[in-house]
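Peer 1: Protein sequence lines correspond, in order, to chains A and B. Numbering of the first sequence is given in the numbering used here, commencing with residue 189 and proceeding in unit increments. Numbering of the second sequence is given in the numbering used here, commencing with residue 2 and proceeding in unit increments.
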Amino acid sequence: MIPSLIAFSWLLGQADVPRIWYALPLIVVVSLVYGATRHEYLKEIAIHTFRSGVWVVGFMSIIFAIIYVAGFWN
Amino acid sequence: MTEIIYPQESGDPIVVNLRDPYWAAFLAWLWPGAGHFYQRRFAKGFLFMICVLSTFFFGLALGNARVVYASLESSDFRWQYFCQLGVGAPALPALAQAIVAEDGKDPMWVMCERYPYFDPEVDPDLASKSFAIVDDPDLIAGVKTYKDGFMAKPAGAISQNENDVLGQWHSELKHRFEIGTLYTVIAGLLNLLAIYDAFAGPAILTPQQKEEMEARRKKKKKKQKTSEDSE
């Protein structure tokens, strides 16, 4: 299982994708690990993960909007 | 043996057996998820292992195995490695490489060879090949080349003002060097959370804490309302 996990991660890492997509796995992983440190069972972890993910995406969207609007003053 | 009991509003309390928390924390650092396996918390062990290791190896792949290296030199102080070390054993080859490649020696697990520095005043034709990956071995017969090792620090001197092997890595990998570094650093930091979870258990709120939080929230709302009304 571990070698296939390493191989899969390695193959994904070689793919060339638009830069914005690099944020997606990070949001998922950070939300999952954070949720796992707050609960013991998978069902509660999943709920917390979803909430954290939505919060992170919302926060990033606000920052994006501020930077986007600030660009008009250039 | 350490056992934590989390009382619940309804149903049975959650019981978490941490066994030996110090040993569990060490195992959790050494291999992500191993501390939870030792505590027989298999679901969380798998979750931490998959999340942390896939993030680390994805980042390592993005940076072609060059983003995780240990260097304490003032010209290239790699502080990111202290965060990456949070992943444990998967980041340790970098430490071995730093010891082996000390004083300009060749690293282990060589991935490619690079041309040495060619002075443009001496040979303008060869100058553009400085630090590039060797494509013509006859050109440098008998000359010491720079070698890129798996998780080894950039060979040769690092300079802020002139081109060097580190600069060449940035030039070749472009944004992937920084994103790979970011991924591996985050993997190490996430494993610190997993280590704490193995050591002290999850930070589950007790019904009493939930009540206190709710009361604080209500108090805050009330305060806001009264200040709005007075305005």
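Glycine included, C-beta positions come from ideal geometry on N, C-alpha and C.
1. Counting only beta-carbon separations shorter than 7 Å, does A/Trp261 have a partner in chain B?
2. Tell me, please, whether the CB atom of A/Ser197 is closer than 7 Å to any CB atom in chain B?
3. Are the C-beta of A/Trp193 and some C-beta of chain B separated by less than 7 Å?
4. Which first and last residues belong to the beta strand (DSSP E) in which B/Met112 is found?
5. Roughly how many angstroms separate the alpha carbons of B/Ala35 and B/Asn18, rounded to a whole number?
6. What residues in the stretch 230-252 of chain A bring their beta carbon closer than 8 Å to a beta carbon of chain B?
7. Taking a Cβ distance cut-off of 8 Å, strictly less, list which residues of the stretch 204-228 of chain A are near chain B, in chain order.
8. Is the beta carbon of A/Phe196 within less than 6 Å of some heavy atom of the ligand GTP?
9. Can you tell me whether A/Glu228 is buried or exposed? The criterion is at least 16 other CB atoms within 10 Å of its CB, across all chains shown.
10. Let's see if you can read the secondary structure: which residues bound the alpha helix (DSSP H) around B/Ile159?
11. Using a C-beta cutoff of 7 Å, does B/Lys224 count as contacting chain A?
12. How is B/Glu232 classed by DSSP in three states: helix, strand or coil?
13. Identify whether B/Thr3 lies in helix, strand or coil by the three-state DSSP scheme.
14. Against B/Tyr197, what residues of chain A qualify as contacts under a CB-to-CB distance less than 9 Å, listed in chain order?
15. Does B/Leu19 come out as helix, strand or coil in the three-state DSSP assignment?
16. With respect to the alpha helix (DSSP H) encompassing B/Gly36, which residues constitute its N-terminal and C-terminal limits?
17. What are the boundary residues of the alpha helix (DSSP H) that includes B/Gly168?
18. Would you tell me roughly how many angstroms separate the C-alpha atoms of B/Lys45 and B/Leu31, rounded to the nearest one?
Peer 2: Here's the rundown:
1. no
2. yes
3. According to the sequence provided, residue 193 of chain A is Leu. The question's Trp does not apply to it. It does: the Cβ of A/Leu193 has a partner Cβ on chain B nearer than 7 Å.
4. Val111 to Arg115
5. 15 Å
6. Leu230 and Ile233
7. Arg207, Tyr210, Pro213, Leu214, Val217, Val218, Leu220, Val221, Tyr222, Ala224, Thr225, Arg226, His227 and Glu228
8. Ligands in the displayed structure: none, and consequently the ligand GTP is not present.
9. When all chains shown are included, A/Glu228 counts as buried.
10. Premise fails: B/Ile159 is in no alpha helix (DSSP H) and is neither H nor E.
11. no
12. In this structure, B/Glu232 counts as coil in the three-state DSSP scheme.
13. strand
14. Thr225
15. strand
16. Ala35 to Tyr39
17. Val166 to Leu174
18. Rounded to whole angstroms, B/Lys45 to B/Leu31 spans 16 Å at the Cα level.
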